[in-house]
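Remember, our numbering sits 1442 above the position in the sequence shown when you count from 1. C-beta: ideal position from N, C-alpha, C; glycine also. This one's a predicted model, so the numbers in the text were calculated from it and none came from an experiment. Accompanying notes for the structure given below.
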Amino acid sequence: MIRIVLADDHAMFREMMRIALAKAGEIEIIGEAGDGQQLLDILHRVRADVLVLDYKMPFVRDFRALLDRVLQRDPTVRALVLSAFANLDMITRAADGGARGYVLKTTRLSSVVDAIRAVGAGGVWIDPSLPRKLFAEFQRRAAGPDEVESLDTSLSRREREVLACMAHGASNRDIAAKLSISQETVKTHLRHIFAKLGVRNRVEATLVFHGKAAARDPRSAAA
């Protein structure tokens, strides 16, 4: 069970999230906050696995400072940022503050559930609909270079880009749109990636990307 605290100043949005997460299973909301001060008060009383919070809330003058205070109190909690906006300043503040995920509010609720699960498992989740530059910047700052540099050096630059997108939840269609290539080209890249990493599917490749599994004997798989 992933225990989460949900922080957003819109009561209707929190209600929608409660409904969606109740259907998802394995996720429990143990606290809700409508502003920055309520959030800090709640985190004094409960121990969450994932903090799902809006970027802009009342009583939050400096978002990065808020994340700093949260992580000082509980270094084990993982922050997933929800935002209606996609700009470089927000992306860098969130990532530099220690956030492990960034999701736009325009995404599907099912994708938010996927993001919570990924972040709760220790991964990084980046909304695939973010502009490519912002996607890459959040990845660089949140995941750090070690996760990427630990990959097999035989991967080409394009293969690394495809793998990064896939590992952060993007479908073949999303990857094709983001990288301006065809879906068939994406599938070809994924087949090559699976073979080079010695994995059989997207799940195993994602684990390798996040440093959680060793590569197996080379085998190709359907992309």
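Inter-residue spacing [alpha-carbon to alpha-carbon] between residue i and residue j
i, j, result
"T1648", "A1609", "5 Å"
"R1583", "M1532", "12 Å"
"V1555", "R1602", "25 Å"
"R1511", "I1471", "21 Å"
"L1448", "F1636", "36 Å"
"P1517", "V1523", "16 Å"
"R1520", "L1513", "8 Å"
"E1626", "R1559", "29 Å"
"I1461", "M1499", "22 Å"
"G1478", "A1536", "15 Å"
"L1621", "R1574", "8 Å"
"D1451", "L1481", "11 Å"
"F1527", "A1619", "20 Å"
"V1641", "L1597", "14 Å"
"T1534", "E1646", "29 Å"
"H1634", "N1643", "12 Å"
"D1594", "H1652", "The predicted position of D1594 is uncertain, since its pLDDT is 48 and thus under 50; a value taken from the coordinates is nonetheless stated next. Straight-line Cα distance between these residues: approximately 13 Å."
"V1590", "A1453", "In this predicted model, V1590 has a pLDDT of only 49, less than 50, meaning its place in the structure is not dependable enough to derive any value."
Assigned exposure category for residue i - 16 Cβ within 10 Å defines buried
i, result
"Q1581", "buried"
"R1456", "buried"
"H1486", "exposed"
"K1465", "exposed"
"G1564", "exposed"
"V1566", "buried"
"D1483", "exposed"
"V1488", "exposed"
"R1515", "exposed"
"M1459", "buried"
"D1538", "exposed"
"R1599", "exposed"
Beta-carbon spacing of residue i, residue j below 8 Å
i, j, result
"I1444", "E1468", "yes"
"G1668", "A1557", "The chain is shown only over 1443 to 1665; residue 1668 falls outside these bounds and no answer can be derived."
"A1606", "P1570", "no"
"V1650", "H1631", "no"
"L1509", "L1576", "no"
"V1492", "G1562", "yes"
"A1490", "G1473", "yes"
"N1614", "K1638", "no"
For residue i, the three-state DSSP class (helix, strand or coil)
i, result
"E1468", "coil"
"E1551", "The sequence given here has Leu at residue 1551, not Glu. L1551: helix per DSSP, three-state reduction."
"I1533", "helix"
"G1478", "helix"
"D1496", "strand"
"D1450", "coil"
Would you check if the stretch 1542 to 1560 and the stretch 1498 to 1518 touch, i.e. whether three or more CB-CB distances between them fall below 8 Å? no
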